[in-house]
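Quick note on numbering: the working numbering labels position 144 of the sequence shown as 131, and the sequence is numbered without any gaps.
We put the CB at the ideal spot given by N, CA and C, even for glycine.
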Amino acid sequence: MLGGKVSVGGGRVRGVGIPRAVAVVVAGGRVLVIKRYLRHESADLCVMCDDARWPGLNCRGHQYAVLPGGHVEAGETAEEAALRELAEETTLEARIDRLLWTGLHNGRPAEYFLMTDVVGKPVLSGPEAEAHSETNSFELLWAGPDMLEPLGLHPADLVPQLTKLLAKEQAQVVHSAMRLRKAAAAASSPTVWMESAGWRPQSQR
-12 MLGGKVSVGG
-2 GRVRGVGIPR
8 AVAVVVAGGR
18 VLVIKRYLRH
28 ESADLCVMCD
38 DARWPGLNCR
48 GHQYAVLPGG
58 HVEAGETAEE
68 AALRELAEET
78 TLEARIDRLL
88 WTGLHNGRPA
98 EYFLMTDVVG
108 KPVLSGPEAE
118 AHSETNSFEL
128 LWAGPDMLEP
138 LGLHPADLVP
148 QLTKLLAKEQ
158 AQVVHSAMRL
168 RKAAAAASSP
178 TVWMESAGWR
188 PQSQR
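#1: Using only the alpha-carbon positions, how far apart do Glu63 and His141 sit?
#2: What is the DSSP secondary structure of Gly113, reduced to helix, strand or coil?
#3: Pick out whichever of Lys151, Lys108, Gly56 has its Cα sitting closest to the Cα of Pro96.
#4: Between the stretch 109 to 116 and the stretch 132 to 139, can you find at least three pairs of beta-carbon atoms closer than 8 Å?
#5: Assign Glu198 to one of two classes, buried (16 or more other C-beta atoms within 10 Å of its C-beta) or exposed (fewer than that).
#6: Spatial neighbours of Pro6 within its chain, please: CB distance less than 6 Å, with the 5 preceding and 5 following residues excluded, ordered by chain position.
#7: Would you call the stretch 122 to 136 and the stretch 96 to 106 in contact, with 3 or more CB pairs under 8 Å?
#8: To the nearest whole angstrom, what separates the beta carbons of Ala10 and Ala69, a pair I think is in contact under 8 Å?
#9: Could you pull the DSSP bridge partners for Glu98 from this structure?
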């Protein structure tokens, strides 16, 4: 664990690899994910087969989802990598709110950052768009908490953590909506309008 944050898993440890930085983009109680389908000619070439310990020589194909992210390149911080990967994969621009979790992704150390001030509309781009094919597909979508498990979010240990995060965000959305409705109702009240103008009911004078 790092800085008291919750660690998430993602497969057995195979030694320290290139660190991974991940962007967590949340809006309206949903999180932005990349829905994937991957099938290699050989199981030996497939990291998902290796992680799941599939028996046999042939890759069976894998349907799963991941959060936007990728390698931390030489000379950049994990924060810089998360923002770069988000822009490259989705065209979105953002700022980092805070570090959410640390953990492993296919045996590699990974850091998960919550995004804020997100600008743009998510559009698949970069190497993912170029590599998109029938056996290696990428699709951006917004997933609610009830979709994370059916989508096969990887690493699976992220599911309970993201579910809690989305529930908290959804509660904030509902609370904000209720406050706006109350404010709008109060503003439309004649009594409130007169009092704001300095008038008081006769009984209060």
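From the atom records:
#1: 25 Å
#2: helix
#3: Selected option, being the one with the closest Cα: Gly56.
#4: Flag = no, the stretch 132 to 139 and the stretch 109 to 116 do not touch.
#5: Only positions -12 to 192 of the chain appear in the structure, and residue 198 is not among them; the question remains open.
#6: Val59, Pro96
#7: Not touching, per the Cβ criterion.
#8: 5 Å
#9: Ala8, Thr89, per the DSSP bridge assignment.
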